[in-house]
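Residue numbers (my numbering), protein chains in the order written: chain A, 20 to 386; chain B, 20 to 386; chain C, 37 to 436; chain D, 37 to 436.
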Amino acid sequence: MSTLSNEERQALCDMFERLLRDRASLESLRSVVAQPEKYDRSVWKELAELGLLSLMINEESDGIGGDAQDLQAIMEIAGRVLFPSPFLSTAVFAVELLQACKNDQLKQECLSDIAAGETIFAVSKGSSTGSWLDETKLSASKSSDTWSLNGVASYVVDAPRADEILVCANTSSGLRMFCVSASDADVQILETDDPSICLGNVSFEGVHAEILDDLDEAAIAHALNTTLVGFAAHQAGATHAIFEQTVEYLKTRYQFGRPIGSYQALKHMAADLLIEVESAITVSREAAAALANGKPNAAQLVSLAAFACADSFRDVSAAAIQLHGGIAYTMEHDAHLFWRHARAGQWLFGTSDQFREQYLQTWEDAA
Amino acid sequence: MSTLSNEERQALCDMFERLLRDRASLESLRSVVAQPEKYDRSVWKELAELGLLSLMINEESDGIGGDAQDLQAIMEIAGRVLFPSPFLSTAVFAVELLQACKNDQLKQECLSDIAAGETIFAVSKGSSTGSWLDETKLSASKSSDTWSLNGVASYVVDAPRADEILVCANTSSGLRMFCVSASDADVQILETDDPSICLGNVSFEGVHAEILDDLDEAAIAHALNTTLVGFAAHQAGATHAIFEQTVEYLKTRYQFGRPIGSYQALKHMAADLLIEVESAITVSREAAAALANGKPNAAQLVSLAAFACADSFRDVSAAAIQLHGGIAYTMEHDAHLFWRHARAGQWLFGTSDQFREQYLQTWEDAA
Amino acid sequence: MTKLVHDGTPEGIHAAVTGWLELNWTTEAERGANASDEGMRAWLTKVRDAGLATPSWPEEWFGLGISARKAGIIEKAFRARKAHGWGRDRFHLGAISVFKMGSEELKREVLPDLLAGPICCLLYSEPNAGSDLAGVRTRAEQDGDEFVVNGQKVWTSNAVEADYGMLLARTNWDVPKHKGLTFFLFPMRQDGVEIRPINQITGESEFNEVFITDARVPARYAIGEVSEGWKSFQTAIAYERLIMAQGGTERRGRQNEPTTPLLIDLARRKNRIDDTSLRQKIAQAIAYRQLNSLNNKRAKAEIAENGASSLMSLGKLAMSRIQHGDARVAAEVLGPEALLSGTPNPDAANASFDAAKAYMNSIGGGTDQIQRNIISERILGLPKDDAVDRDLPFKDVKTG
Amino acid sequence: MTKLVHDGTPEGIHAAVTGWLELNWTTEAERGANASDEGMRAWLTKVRDAGLATPSWPEEWFGLGISARKAGIIEKAFRARKAHGWGRDRFHLGAISVFKMGSEELKREVLPDLLAGPICCLLYSEPNAGSDLAGVRTRAEQDGDEFVVNGQKVWTSNAVEADYGMLLARTNWDVPKHKGLTFFLFPMRQDGVEIRPINQITGESEFNEVFITDARVPARYAIGEVSEGWKSFQTAIAYERLIMAQGGTERRGRQNEPTTPLLIDLARRKNRIDDTSLRQKIAQAIAYRQLNSLNNKRAKAEIAENGASSLMSLGKLAMSRIQHGDARVAAEVLGPEALLSGTPNPDAANASFDAAKAYMNSIGGGTDQIQRNIISERILGLPKDDAVDRDLPFKDVKTG
């Protein structure tokens, strides 16, 4: 449960929204992502100053102590402008993992660095696809109390801009998570189709790693679920934004002396899309609430949100280009930014097919 | 190649069309299929008299000597009124198999009985699904020159009204085809959702069977392909008919003072459906032409026709109900007859998924 | 005529109605009500007279004059005892329409009866007035203090059981279509009313055609003014939607989240649960249903908070994709078994029934296309189509 | 000015043109034509003067006055020698338009030049006139014997290379939209014409915006009468469609049936060819392409037999499903590799390009929605929508 009251959450959201409006509008996206690091460090610093980077950090570690619902609300706002940043990797996924481990010193140092905006984290399953539903390809071995990692983690989100990498590896006692300094690993920067994401392949060759103590698969799964809720909310917000922009265009664009939104073919497309938009928003919120409140169906709803939001975003942003017509066929128009980001969302944490399969399993297990 | 000239084929089609209009209109379908045998024996006799039952019988066996293109033309017409009969099993599939075998006496007797409208055949792969792309479950064994069959053939088209059954069975030298008297087998009549089809499960327990000599798997495949072309044409004709009826309704049904076909939502549905309708007609004709002319891509086009026609029929007939609105929600309206028949077509010879897989294989083999 | 005595507090009302039921809903009364029409009528009369049928209405109109929230206490008590007759102020469309829109005279004449038994059917749709309800062509012509009615209605449920029909008929053909309609409380039990069942493609007959030939309705049975029936009718269907929403959400709730989704159960029984690509389709079908259920939940929360939610309008359209989709996946799970029907093949018969029944949602009560118009115009604010018939005298409207 | 001498028989024409080419299309001539604009112009002038650029036109207009079928013999001979300059009577939209619709004066003035080099671009679409081409707002005002043009055109290909533009501009704002347009042969090489490339979402720049500011076009350059340009324009786009159909079918034929479909090749290279559910999607994608190709084949046969085929109108709409579908399957085959782009990742770059490029078909040259209007109205005969702007003076048409 969150330590924030509804009013406090709203104030946080308002603050974040203002910051994005002033400093990270959609108009600024192209120039920001054209830079090597693909995010605006000064905005990142501001997030730190406003305390937003410690949203998910517990109060006892001097954080805000937010929960999945607070995260959902923030990410919906971020999604509306396709806010490019390592927020989800660093301030959510890494924070959740570090908080769950027992390495007190590491935890304390990392969390305060994250809160201060001084350290960027990447987090990886260590799979060959980037999917968290595929198996890790890394192995970890221990000799005289130090662990070393071997293998390649592919399609690692934020790896090229990370200072530290948290990565899963197989050990003799199962899957465990390790912390590696990015400078110790070999990070290959990948050129991406969606300019707003940052991806790399990371090779580990006997790299020294610190194991996260007492962090079992259930704890990793919980941190992943929180991250997935954040990403689903980001997608839902983006879906909503491009849809609103499209409906607005349908009202203001005239052809044959009438708004094109008066044509039934386009009206009906919009009506069908509205179901997608609202479903994405609803399910990302419901999954967040279930996770925040420890409901037994939380995992089910997170799986559902993962593929439903990805698919809605894909379909709505694709239709948005068609509904805009020629103007959206130009680079200058924003529609393709949403469309590209939706396309990327098909693979970043796992495919919709994988989450659908996982979702069905939760029903089977419940029965 | 057909022995018929284009004019002769046209004359045959005209004759068949007249017969159906006079004796087997869509209006008569409900009463015909309500009878136990689900077809009109007097119309069948008339088909015999007009020579149509010997369409596919070679001229040396006193038939018309038609080919797949002639069959396609006839079946497109039959499909328009969902003509219920054992034509495809008896006058096409059985004829093709019998003509390819070397059992001269059996062949001669059967073909002349078929031509005379005196014998009805069912043909089965002997699978548990009715699909020709699943494996046969029957086994045949030989002792002192007589063969006997064991096993169950499921979902056998026309079995309950057949006099003779041609069925595949496994032998020590591979898959072979046998002829069994229906009275020797145990035929369980199945109640069908689509009233215009006739289905049974057939159990064989040491049933005496005559093997069709020199009929190998390639010959069986060729007879199957001819039958599939006939069925695809039947579906294409049905698709065309229900679509035309729907477009006519869109022009004559008024709501809000204008024809409902003036509403863009319905116009656009109709435009999309037209692509389905024309594709079904085109591909059934192309497959027939390729088969008739022994083209190397005949098998590919037959697979394509099999699933494309089945799927088009399914989608067009389903949309037809929606486009008609309430009136098509009544039993009195014909739309649901097409819809039910299209539903049945999803399984009768194999599923669309199976034919799609087979189609892909033809491309892979060609490469 | 002994109204329930209570002190107006929730606790007091609860105590009073519980006591009243204790006293009156005896085994004998229950048996009587369930045994015959007369028994039921006697019981309903008693409920009506106690003010318990329509507690939110004023005392002079069979009510207790209490708030809707407090009326809920009475419903709850009746439900707990499985007693009949409560909630006619919320669920009896005929009574509500007459009460809200009928003349003083009509109310005095028919309300006592309406609250004590009769049910009302809806005489709205016609063969040529489906999506376009304001285009009805059933003709009502004044003849002294009566109207003579001729026409044909369709898709009427409960026509056989109904004592009255809520009739939308045309009384003026020289004015635009919305302006010449009258809304009547129409007596069904008379010569000139012929009812024929409609055979649906599901095999059911839930609906009827009603052929009306020189039937009569007193002029005073008009609900609202003559030729201003469109307004009354709109009000009535707004109540109807409310009734359906209140009745519907509960049913829908149950239907949406069975312990095991039916498709999983079916796939298990048919040994298809391990088919990878089928699993994707099953999962997506369940997902659409759950998403809709979550949207409904959110709608309810929004209504509780703000009194309204645009999400409410999405459910019916969403349900079409769900129902058609479910039926298709079910047939795919069944494979060739889906070719069958009849009692020996219940799974196939169900799959076929569901596939046909899905059209009930995508066509009935406003087609998907009409729903999309509503959503795009009322929620998204996209412009309406020009209505070519809006300002024409109805007799000049084209009918094809 | 030495016209080809021939006896009018197919054989005679064949012999004459072959001989002419033998004599004139020397290695030297070929090298000259390919080396420079001037060399090309010299060659094209020779072809024009021999009547070989426009053989189906009358002798007084640079032609040989022979039938289209016989003109085909000349094309074939040129093609066989890979010689330039034939077929301007079939493929040069500017020349055809001037020849068919221009005044005698205009023809004498510009045709000699048009047939010897210059290319024409199309100045049709505008930011506010996309689907609604008759709604163009580029203004042409008469000033003596010239028109002064102001406005903006978009989606113009070859604008930079073009000497002339086929310009649709408004010359009268007080009449309904179709009645105030003039169709001009517009000189592109002048001040007041600014060309800017459009950056497409594919990364390409095939098209331009053309900004026209106080540019001038002689009044005699109107093709057809002033303010009756819609008719000329319609004729011109009919020729354009013919050109595209003649040029297009061949290209399409090749594209439709590669020896191995690209998706199979991709799936093999990515080791995904054994994925059962992916195989279904690949097969369906190939099927849609093949079905369309078969429909085109049937259309051609119908055209050969009856001179027309309604199937021709289906291809563009069908192609949208094919292209969007192919791109989606390709991305699925690639899996996470589809996240990438750039030269190190050609498969991903292609998949992304194709996914974006598919909109070129579903939006450009008439959106899918416009295509569905055309199909449903012209082929199926469903009624047209009412056009609210048809009879309004253009200046009163709403523009949002």
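We put the CB at the ideal spot given by N, CA and C, even for glycine.
Closest in alpha carbon position to T148 (chain A), among A:E376, A:L320 and A:Q365, is A:Q365.
Interface flag for D85 (chain C) against chain D is unset, since no Cβ pair is found closer than 8 Å. In this structure, DSSP gives S133 (chain C) a helical state, which the three-state scheme calls helix.
The beta carbons of F114 (chain C) and W122 (chain C) sit about 4 Å from each other, so the pair counts as a contact at 8 Å. A distance of 8 Å or more separates the beta carbons of L100 (chain D) and A89 (chain D). Taking 4 residues as the minimum length, the alpha helix (DSSP H) runs contained wholly in the stretch 71-147 of chain A are 87-99, 114-119 and 123-134, in order along the chain. S331 (chain B) is a Cβ neighbour of S298 (chain B), given a cutoff of 8 Å. Contacts between S313 (chain C) and chain D, judged by CB atoms closer than 8 Å, involve T312, S313 and Q316 in chain order. Taking C-beta separations shorter than 6 Å and ignoring five residues to either side along the sequence, the partners of A335 (chain C) in its chain run S345, L347 and M348, following chain order. Just so you know, the alpha carbons of I109 (chain D) and P91 (chain D) end up roughly 10 Å apart. By the CB criterion at 8 Å, V186 (chain B) and A201 (chain B) fall outside the cutoff. When secondary structure is reduced to three states using DSSP, C217 (chain A) falls in the coil class, being assigned neither helix nor strand. A straight line joining the alpha-carbon of Q319 (chain A) with that of T109 (chain A) spans about 25 Å. Short of 6 Å from the beta carbon of E230 (chain D), and not among the five residues preceding or following it, lie these beta carbons of its own chain, in chain order: F247. At a cut-off of 8 Å, the C-beta of D291 (chain A) has a neighbouring C-beta in chain C. Distances from the alpha-carbon of G193 (chain B) to those of B:V175, B:E236, B:L48 and B:W151 put B:E236 closest.
By the neighbour-count definition (other C-beta atoms within 10 Å, threshold 16), P94 (chain C) is an exposed residue. In this structure R180 (chain A) is in contact with C217 (chain A), their Cβ atoms being roughly 6 Å apart against a cut-off of 8 Å. Less than 8 Å divides the Cβ of E295 (chain A) from the Cβ of D334 (chain A). In the structure shown, M348 (chain D) falls within a helical segment according to DSSP collapsed to helix, strand and coil.
Under the 10 Å beta carbon count, I208 (chain B) is surrounded by fewer than 16 other beta carbons and is classified as exposed. Scanning chain A for C-beta atoms nearer than 8 Å to the C-beta of A299 (chain B) yields nothing, as the closest lies near 24 Å away. Distance from the Cα of E115 (chain A) is smallest, within the candidate group A:V175, A:A284 and A:A240, for A:A240. Our two residues, L298 (chain C) and R357 (chain C), have alpha carbons roughly 17 Å apart in a direct line.
For the set A:L69, A:F368, A:E376 and A:Q377, the Cα lying nearest the Cα of Q254 (chain A) is the one of A:F368. For R277 (chain B), the nearest CB of chain C lies under 8 Å from its own CB, placing it at the interface with that chain. In this structure N397 (chain D) is buried. Its beta-carbon is surrounded by 16 or more other beta-carbon atoms within 10 angstroms. Secondary structure at T218 (chain D): strand, using DSSP grouped into helix, strand and coil.
In this structure, the alpha-carbon of G170 (chain B) lies about 6 Å from that of K156 (chain B).
The beta-carbon of K270 (chain B) is placed less than 8 Å from the nearest beta-carbon of chain D. According to the DSSP assignment, F183 (chain D) belongs to the beta strand (DSSP E) that extends over E182 to S193. Here W166 (chain A) carries a strand assignment [DSSP, helix/strand/coil]. A Cβ-Cβ contact shorter than 8 Å links V206 (chain A) with G219 (chain A). Inside the stretch 299-369 of chain B, DSSP marks whole alpha helix (DSSP H) runs of 4 or more residues at positions 317-343 and 354-363, from first to last along the chain. A direct Cα-to-Cα measurement between E177 (chain C) and E197 (chain C) gives close to 26 Å. About 14 Å separates the beta carbon of A366 (chain C) from that of S377 (chain C), a gap too long to meet the 8 Å contact definition.
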